[in-house]
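>
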Amino acid sequence: VIYLYGAVDDGPAAARAFESDAGAPADGPGPVRVIESAPIACLVGDGRPERTDHIESLVDHDRVLNQAMTACTVVPFRFGTAVRDRAELAGRLDSGAVSWPDLFDRVRGRRELALRARPAGRCGPERPARHGREYLRERAGRSTPPALETLYQAMASAAVGAVGELDGTGALKASYLVDEEGIDWFCAQLTATQTAVGGLEVSLTGPWAAYSFVGTSHAASDQKAVR
Amino acid sequence: VTVAERSTILSGGDDVTLLDLADRLLEKGVCISGDIVISVAGVDLVYLSLRALLASVDTAIALQLGPEFR
Numbered sequence: 001v002i003y004l005y006g007a008v009d010d011g012p013a014a015a016r017a018f019e020s021d022a023g024a025p026a027d028g029p030g031p032v033r034v035i036e037s038a039p040i041a042c043l044v045g046d047g048r049p050e051r052t053d054h055i056e057s058l059v060d061h062d063r064v065l066n067q068a069m070t071a072c073t074v075v076p077f078r079f080g081t082a083v084r085d086r087a088e089l090a091g092r093l094d095s096g097a098v099s100w101p102d103l104f105d106r107v108r109g110r111r112e113l114a115l116r117a118r119p120a121g122r123c124g125p126e127r128p129a130r131h132g133r134e135y136l137r138e139r140a141g142r143s144t145p146p147a148l149e150t151l152y153q154a155m156a157s158a159a160v161g162a163v164g165e166l167d168g169t170g171a172l173k174a175s176y177l178v179d180e181e182g183i184d185w186f187c188a189q190l191t192a193t194q195t196a197v198g199g200l201e202v203s204l205t206g207p208w209a210a211y212s213f214v215g216t217s218h219a220a221s222d223q224k225a226v227r
Numbered sequence: 228v229t230v231a232e233r234s235t236i237l238s239g240g241d242d243v244t245l246l247d248l249a250d251r252l253l254e255k256g257v258c259i260s261g262d263i264v265i266s267v268a269g270v271d272l273v274y275l276s277l278r279a280l281l282a283s284v285d286t287a288i289a290l291q292l293g294p295e296f297r
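First to last, the protein sequences are chains B and E.
The numbering of the first sequence is this note's numbering, which starts it at 1 and goes up by one.
The numbering of the second sequence is this note's numbering, which starts it at 228 and goes up by one.
#1: Can you name the residues that DSSP bridges to Glu36 of chain B?
#2: Could you tell me the alpha carbon to alpha carbon distance between Gly304 of chain B and Gln67 of chain B, rounded to whole angstroms?
#3: Using a Cβ-Cβ distance cut-off of 9 Å, determine whether Phe104 of chain B contacts chain E.
#4: Are any of the Cβ atoms in chain E nearer than 9 Å to that of Phe18 of chain B?
#5: Measuring only the C-alpha atoms, how far is Ala147 of chain B from Ile259 of chain E?
#6: Once DSSP output is grouped into helix, strand and coil, what is the label at Glu181 of chain B?
#7: Below 8 Å, can you find three or more Cβ-Cβ pairs linking the stretch 182-197 of chain B to the stretch 148-156 of chain B?
#8: Per the DSSP calculation, Leu4 of chain B is bridged to which residue(s)?
#9: Is there at least one Cβ from chain E nearer than 9 Å to Leu93 of chain B's Cβ?
#10: First and last residue of the beta strand (DSSP E) that includes Glu165 of chain B?
#11: Could you run through the stretch 55-78 of chain B and flag, in chain order, every residue whose CB is less than 8 Å away from some CB of chain E?
#12: Starting from the C-beta of Ser237 of chain B, find all residues in its chain whose C-beta is less than 6 Å away, skip the five residues before and the five after it, and write them out in chain order.
#13: Using the C-alpha atoms, what's the distance from Val83 of chain B back to Asp9 of chain B?
#14: Between Ser37 of chain B and chain E, is any beta-carbon pair separated by less than 9 Å?
#15: Given a threshold of 16 other Cβ atoms within 10 Å of its Cβ, counted over all protein chains shown, does Trp185 of chain B qualify as buried or as exposed?
#16: Candidates B:Tyr211, B:Gln189 and B:Ala209: which alpha carbon is nearest Val202 of chain B's?
#17: Going by DSSP, name the residue or residues bridged to Ala174 of chain B.
#18: Looking at the strands, I want to know which residues DSSP matches up with Ser203 of chain B.
#19: Quick one, which of B:Ala7, B:Thr205, B:Val1 and B:Pro207 has its alpha-carbon nearest Ser99 of chain B's?
#20: Nearest chain E C-beta to Ser230 of chain B closer than 9 Å, yes or no?
#21: Within 9 Å (strictly less), CB to CB, does Gly229 of chain B reach chain E?
#22: Quick check: is the beta carbon of Tyr176 of chain B nearer than 9 Å to any beta carbon in chain E?
#23: Between Glu112 of chain B and chain E, is there a C-beta pair that is closer than 9 Å?
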């Protein structure tokens, strides 16, 4: 079994990033190596992670991609992707289902940032609409969805790509594709926007590999509307 | 970069960072074949067991941060 971490645009550079054992997950699927399989190269491990039911498996997968990204452009595979052998890998990669040049062009020199936002001070779940004075009092005490929409759109304008959704509780979960050299600026913009909008609690994590922008559902122009 | 280091770089706590990590690895990234995850014995169980684990993590996070961050 060959476990797949990600596709890379420079196999030799990626291999050099893993020449020492430092990049091999302790309980991961063996040393990380590079397989050249036209039309791309892949970061792989032999076998599956031993601690397959442990959250560390996710952390390990992500750590491998981050190490590779110090040397080349990486298109991340979904966690758990594996093939039986090199022949199957070649068939999958060359199936025509994925336009690898387009994917690499989309994420080259860019990273993903994850934004979560919610109205400040709201600790309980979103409750069904109420009527009368209680409803009005409750509504007056919290930010409204337009505040989240404003935040989302403002940050989308500061990014190359954006995807987002409002979950069932009214919280915003969004991903932004940002040029690497623009990450600090993006963070500053977020702080300024949060202050301007007001009434929102915000967290931002990353930089991540561009997980949210390599799906086949993404058009050449990335989505910028909250789903 | 570890989860803790990511939290330091930006503004999320460790727990939120872990959820963001799980959101991305389990839901996103290139899926070169819809059936590939279950085509290799055992890997489908990886997915299911992590799902179960995340359900537990979600509960813990909700207690700490409120369900908006689930």
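C-beta atoms are modelled at their ideal positions from N, C-alpha and C, and glycine is treated no differently.
Note that this is a predicted model, so its numbers are computed, not measured.
In this structure, then:
#1: Working through the first sequence from its first residue, we reach residue 36 of chain B at position 36. Answer is B:Ala41, bridged to Glu36 of chain B.
#2: Residue 304 of chain B is absent from the model: chain B starts at 1 and stops at 227.
#3: Residue numbering aside, residue 104 of chain B sits at position 104 when the first sequence is read from its first letter. Answer no: the Cβ-Cβ gap between Phe104 of chain B and chain E never drops below 9 Å.
#4: Counted from its first residue, the first sequence places residue 18 of chain B at position 18. It does not; no Cβ of chain E falls within 9 Å.
#5: Translated into positions along the first sequence, residue 147 of chain B becomes position 147. Translated into positions along the second sequence, residue 259 of chain E becomes position 32. Straight-line Cα distance between these residues: approximately 37 Å.
#6: One-based indexing of the first sequence puts residue 181 of chain B at position 181. Correct three-state label for Glu181 of chain B: helix.
#7: yes
#8: For the purposes of this step, residue 4 of chain B is taken as the residue at position 4 of the first sequence. B:Val44.
#9: Along the first sequence, one-based indexing puts residue 93 of chain B at 93. For Leu93 of chain B, the answer is yes, since a Cβ of chain E falls inside 9 Å of its Cβ.
#10: One-based indexing of the first sequence puts residue 165 of chain B at position 165. Looking at the DSSP string, the run of the beta strand (DSSP E) that includes Glu165 of chain B is Gly161 to Leu166.
#11: Ile55, Ser57, Leu58, Val59, His61, Asp62, Arg63, Asn66, Val75, Pro76, Phe77 and Arg78
#12: Look at the range of chain B in this structure, 1 to 227, and you will see that residue 237 of chain B is not part of it.
#13: Residue mapping note: residue 9 of chain B aligns to position 9 of the first sequence, counting from 1. Residue mapping note: residue 83 of chain B aligns to position 83 of the first sequence, counting from 1. Approximately 20 Å between the Cα atoms of the pair.
#14: Against the first sequence, residue 37 of chain B aligns to sequence position 37. It does not: the Cβ of Ser37 of chain B has no partner Cβ on chain E nearer than 9 Å.
#15: The residue you call residue 185 of chain B lines up with position 185 of the first sequence. Exposed, because fewer than 16 other Cβ atoms sit within 10 Å of the Cβ of Trp185 of chain B.
#16: One-based indexing of the first sequence puts residue 202 of chain B at position 202. Of B:Tyr211, B:Gln189 and B:Ala209, the residue nearest in Cα terms is B:Gln189.
#17: The residue labelled residue 174 of chain B in the question sits at position 174 within the first sequence. B:Leu115 and B:Gly164, per the DSSP bridge assignment.
#18: For the purposes of this step, residue 203 of chain B is identified with residue 203 of the first sequence, where counting begins at 1. B:Arg116.
#19: Counting from 1 along the first sequence, the entry for residue 99 of chain B is found at position 99. Closest option to Ser99 of chain B, Cα to Cα, is B:Ala7.
#20: Chain B is shown from 1 up to 227; residue 230 of chain B falls before or after that span and cannot be answered.
#21: The question about residue 229 of chain B has no answer, for chain B in this structure spans 1 to 227.
#22: Taking the first residue of the first sequence as 1, we reach residue 176 of chain B at position 176. Closer than 9 Å: no.
#23: Within the first sequence, residue 112 of chain B is the residue found at index 112, counting from 1. Yes, its Cβ sits closer than 9 Å to a Cβ of chain E.
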